[in-house]
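>
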Amino acid sequence: MRRNLYAAVVLLVASGPATAEPAAPLGALAKMPVKEVTVFKDGHAYVVHQGTMPTDNGNVLLDLLPTPVLGTFWPYSLDKKATLHSVTAGRRRVQVERTALTLRELIEANVGAEIVVTEGTKPGYPATIVRLLTRSSEELDATLPPPAGDHLPIKGNILLLKTVEGTRAVPIEHITDVKFVGKYATKVSDEEIRNLLTMKLDWGGQPAAKTVEVGMAYVQKGIRWIPGYRIELDGKGKAVVKLQATLLNELTDLNDATVNFVVGVPSFYFKDTTDPIALSQAVAQLSPYFQTDASTQYALSNAMMTQVARGGEVRHAKGPRQPDVAPDLGPEIGGGGSQSEDLFVFTVKNVTLAKGQRMVLPVSQFTIEYKDVYTLDIPYAPPTELRRQVTDPRTAELVRLMTAPKVVHKIRLFNGNTQPLTTAPAMLLKEGKVLSQAMMTYTSKGEAVDLTLTTAVDVKVKKHDKEAKRTPNASSFNGDSFWRIDIGSSIELTNSSGKPIEVEVTRYVLGNVDKAGDGAKAEMVNLLEDDDSFIGHTRPVWWGYYSWPSWWGHFNGIGRVTWTAKLAAGQSSEQSYSWHYYWR
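What follows is the structure, encoded as structure tokens:
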């Protein structure tokens, strides 16, 4: 037993500590180019790197560690002779060659060179550079106790010089001047620790080639695109729609890459979890254009940041941004786009954009039909009894505006194209002159969307409301009696624009609609489920200012009256309707 233990100890001592990998030369490191990138509007991108890479002992060393979303990192080999065995992310020593900038670095770069050395005020003497005393990385790995980790060489201050008298050990700080007798080098090689990605390849027992074609794909946040529309109206029902993309790159350099712009809402279940292959402790800080905070998270109901043309949060960002370098704006435009499940993809080829740069590039152009539309939306106002309680000036102003509704001139676009319209800023022009800027909302092919031009000041609106009847003790609830107030109302429109128009009118009342005139439709809104159909898609701002009594919803609801008024130039039209509400 004792003999076996002694043999084991001898074997362990003889074997020594495990040796670390030698420092890889910088020339062995490769930056795999981006072949294709699919960009989503929320800032995520599906990046495909692919290229012919140099090998180091049969493996590929990459000086690039992505920060992918968990489960989206997939490396591969396209060489039939080399099978991908594994991919390792880790810290490794690298030999880096740089220009010598100090006397010490210049001496390190010229071991074996003949020089004339001057120490202070002493006369110079000829010598040959032997070396600077240094504890190498291998020595430190062998002598330090585990866990030692990665170490860089420790450089001393003693320089060994060979002279006619023998080898001298001179402190480097004593040397004030060096004169090279012959040729000399200005590049010095040094070691540093970097995070490397090592693609280990299995060559099947055959000699490894000097190069190999490999690739990797992953999803990472850092590239996004912001769409924008330019809509040129011809005045005859045709609109030329131009889509352009503003591409923000804060991820990696693109060089003649294919870029796919995606319209739709992506779903990355683990988008907030970084894959362990990233190795880094912290994710790189992106610009405010990539941030999602509480103020913008629910800006639009269909997609959080994915469908929002952001800007407000950037204006409020802290600290100025440095101007970006002007990008190359000459990529080749691909086809008109393609459908992929519920996502629509526009493809642009030959895009070159360095990390940190921005680019604006045309994506698509098509012609669709449109028509001028006039709309009048009149929201409900609080009952007179509640309006007397309004003391806040802002709320009073809102109530005043409700009593002075305006007709709005809009452009209704009919998307007869094969591609959808995405949520984006839209600039409207006619005969080269800007009419307005509106917000385009997502519109599938075959659907229509309205874009606001301006207020139609030449269409006058008069709203008439008269109390027709007041019935005491009309109903009871929990032992309390309630009045019924009947209202007779009408909306009068006058067209002073000098051309025939059609006005789509929607009127909401806080109570119960009884009937409407010819050509009008009266209905009650479902308070529980149809809240999004209200004007502005939300309840009015004053709604939460009051503690509505429990009996209010028992008797009263929200009514809606809709009709279309066709008006010739100079013509007036009036539509009547009646409604009621209960009060106590």
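Residue numbering for the sequence shown follows the numbering used here, starting at 780 and increasing by one per position. Where is the CB? At the ideal position from N, CA and C, for every residue including glycine.
Please say whether Pro1279 and Ala1235 have beta carbons closer to each other than 8 Å?
Contact flag unset, no.
> When DSSP builds the beta bridges, which residues end up paired with Phe959?
Its beta-bridge partners are Ile894.
> For Thr1202, which of Lys814, Phe819, Lys810 and Glu815 has the nearest alpha-carbon?
Checked all of Lys814, Phe819, Lys810 and Glu815; the closest Cα to Thr1202 is Phe819.
> Ignore the nearest five residues each way along the sequence and tell me which others in Val1019's own chain have a CB closer than 6 Å to its CB.
Around Val1019: Glu1011 and Thr1146.
> Are the stretch 976-986 and the stretch 817-831 touching by the rule of at least three beta carbon pairs closer than 8 Å?
No, the stretch 976-986 is not in contact with the stretch 817-831.
> Identify the residues that DSSP records as bridge partners of His1188: which are they?
For His1188, which the question treats as bridged, DSSP gives the partners Tyr1153 and Thr1233.
> Please name the residue or residues paired with Asn1028 in a DSSP beta bridge.
DSSP output for Asn1028 lists Ile1002 as bridge partner(s).
> Do Leu980 and Gly837 have their C-beta atoms closer together than 8 Å?
Contact flag set, yes.
> By DSSP, does Pro1172 sit in helix, in strand, or in coil?
In the structure shown, Pro1172 sits in a helix (DSSP, three-state: H, G or I).
> Would you check if there are 3 or more beta carbon pairs closer than 8 Å linking the stretch 966-973 to the stretch 873-880?
Short answer: they touch.
> Ends of the alpha helix (DSSP H) at Trp1322?
Unbroken run through Trp1322: none, as it is neither H nor E.
> Which term fits Asp1054, buried or exposed, when burial requires 16 or more other beta carbons within 10 angstroms of its beta carbon?
Its Cβ being crowded by 16 or more others within 10 Å, Asp1054 is buried.
> Quick check on the DSSP output: the alpha helix (DSSP H) that includes Leu882 runs from which residue to which?
Where Leu882 is concerned, the enclosing alpha helix (DSSP H) stretches over Leu882 to Glu887.
> I need the DSSP call for Ser1275, collapsed to helix, strand or coil.
Looking at Ser1275 - three-state DSSP - the assignment turns out to be coil, as it is neither helix nor strand.
> Spatial neighbours of Arg1094 within its chain, please: C-beta separation below 6 Å, excluding the five flanking residues on both sides.
At Arg1094, the pLDDT of 39 sits below 50, so the modelled position is not reliable and the matter cannot be decided from this model.
> Closer than 6 Å by C-beta to Pro950: which residues in its own chain qualify, once you throw out the five before and the five after it? Chain order, please.
Asn936.
> Rounded to the nearest angstrom, what separates Leu880 and Ala888 at their Cα positions?
Leu880 and Ala888: Cα-Cα distance of roughly 11 Å.
> What residue does the alpha helix (DSSP H) around Phe1334 start on, and which one ends it?
Ser1329 to Phe1334 is the extent of the alpha helix (DSSP H) around Phe1334.
> Looking only at its chain, what residues have a beta carbon closer than 8 Å to the beta carbon of Asn1335, apart from the 5 residues adjacent to it on each side?
Taken in chain order, the residues that qualify are Leu1289, Gly1290, Asn1291, Tyr1360 and Tyr1361.
> Do you know offhand how far Ile954's Cα is from Val896's?
Cα-Cα distance, rounded: 7 Å.
> Spell out the partners DSSP gives Arg1009 in its beta bridges.
Partner(s): Lys1021 and Met1206.
> Which of helix, strand or coil does DSSP assign to His823?
Strand, per DSSP.
> Restricting to Cα atoms, I'd like to know which of Met811, Lys1241 and Thr817 is closest to Leu840.
The shortest Cα separation from Leu840 among Met811, Lys1241 and Thr817 belongs to Met811.
> Return the Cβ separation of Tyr1221 and Leu1200 in integer angstroms, given the expectation that the two are a contact with Cβ distance under 8 Å.
Indeed they touch by this definition, with Cβ atoms about 7 Å apart.
> From Gln1086 to Ser1223, what does the alpha carbon distance come to, in whole angstroms?
The pLDDT assigned to Gln1086 is 41, lower than 50, so where the model puts this residue is not dependable; a value taken from the coordinates is nonetheless given after this. About 14 Å.
> By a C-beta neighbour count over all protein chains shown, 10 Å radius and 16 as the cutoff for buried, is Val1139 buried or exposed?
So Val1139 counts as exposed.
> From what residue to what residue does the beta strand (DSSP E) around Ala1217 run?
Unbroken beta strand (DSSP E) run through Ala1217: Lys1212 to Met1219.
> Which residues share a DSSP beta bridge with His1359?
According to DSSP, His1359 bridges with Asp1265 and Asn1291.
> Roughly how far, in whole angstroms, is the beta-carbon of Val890 from the beta-carbon of Arg910, given that I think they are within contact range, below 8 Å?
Their Cβ separation, rounded to whole angstroms, is 5 Å, which keeps Val890 and Arg910 in contact under 8 Å.
> Would you report the Cα separation of Leu844 and Thr867, rounded to the nearest angstrom?
Cα-Cα distance, rounded: 10 Å.
> Give me whichever residues DSSP pairs with Tyr1048 in a beta bridge.
In DSSP, Tyr1048 forms no bridge with anything.
> Determine the DSSP secondary structure at Pro950, reduced to helix, strand or coil.
Pro950 falls in the strand class under three-state DSSP.
> Roughly how many whole angstroms lie between the Cα atoms of Phe734 and Thr878?
Here the chain comprises residues numbered 780 to 1363, so residue 734 is not present and cannot be evaluated.
> Measuring CB to CB, does Pro1006 end up less than 8 Å from Leu1022?
Yes, the Cβ-Cβ distance between Pro1006 and Leu1022 is below 8 Å.
> Distance check for Leu863 and Thr990, CA to CA, integer angstroms please.
Thr990 and Leu863: Cα-Cα distance of roughly 14 Å.
> Closest to His1243 by CA distance: which of Lys901, Pro1251, Gly1267 and Gly850 is it?
Of Lys901, Pro1251, Gly1267 and Gly850, the residue nearest in Cα terms is Gly1267.
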